[in-house]
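Going by the working numbering, the letters in the sequence shown line up with residues 580 to 735, in that order.
These notes concern the structure reproduced below.
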Amino acid sequence: MQTTELNQLVQDYQRLFHKVLRKCSIFPGQPDYEDHMQELRLLFFLKAKPYESRGLFEAECNMSYLYRFLLWSIIDKKRKKDPKENEVNDEEVLYLQQAEANYSEVDFLDEFLATYNQLQEKDQKKVLALLENVDLSRQNRHRYRMRLRELFKKNR
């Protein structure tokens, strides 16, 4: 990617940087805020530089991946700075793990919706019937599941 394209990409992702810093309890007005912001910009720049175009970068590095990458890099930097001063509580680690689980659920739902939209209308009705727990016989429920398993495996 060219430098101008990289600079534009960094500008377009400013909101992500602010969100990551907010998550790490680093707010504007704090003395380290600009240092951390510059660190995020640099990490992002180095992450995007090897890609040939913006489209390839955005296809390979989705928003949740970038968020987690930047978040954990800031957390690691805070730990390395002064481990005794900035100890991470077990509660914070649990919260971050739950947030990551939520992002994996979002990724799964995105994948499910993409596959669902590719299905034919009759197959979409079968999915809805299973999800809404419509009164189906055991035999029909089994048939629907087997048919949908085939379709979802084929669409992967």
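For glycine and all other residues, C-beta sits at the position ideal for the given N, C-alpha and C.
Spatial neighbours of residue i within its chain, please: C-beta separation below 8 Å, excluding the five flanking residues on both sides.
i    : result
L645 : Y592, L595, F623, K626
Could you give the DSSP three-state label for residue i: helix, strand or coil?
i    : result
V706 : helix
M580 : coil
Q609 : coil
E637 : helix
E631 : coil
If distances are taken between C-alpha atoms only, which option among the options comes closest to residue i?
i    : options                : result
I605 : A680, K656, T694       : K656
Q587 : R620, R647, I654, K701 : R620
M616 : P629, K628, R647, I653 : I653
T583 : N641, S632, D702, L730 : S632
R726 : K602, K701, N712       : K701
Taking 7 Å as the limit between beta carbons, can you name the residues of its chain near residue i, skipping five residues before and five after?
i    : result
P531 : The question about residue 531 has no answer, for the chain in this structure spans 580 to 735.
For residue i, collect the residues of the same chain with a Cβ closer than 6 Å to its Cβ; drop the 5 residues on either side in sequence, then sort them by chain order.
i    : result
K660 : none
C603 : I653
>> Can you confirm whether the region 686–700 touches the region 671–678 when touching is taken to mean that 3 or more C-beta pairs between the two stretches lie within less than 8 Å?
In response: no
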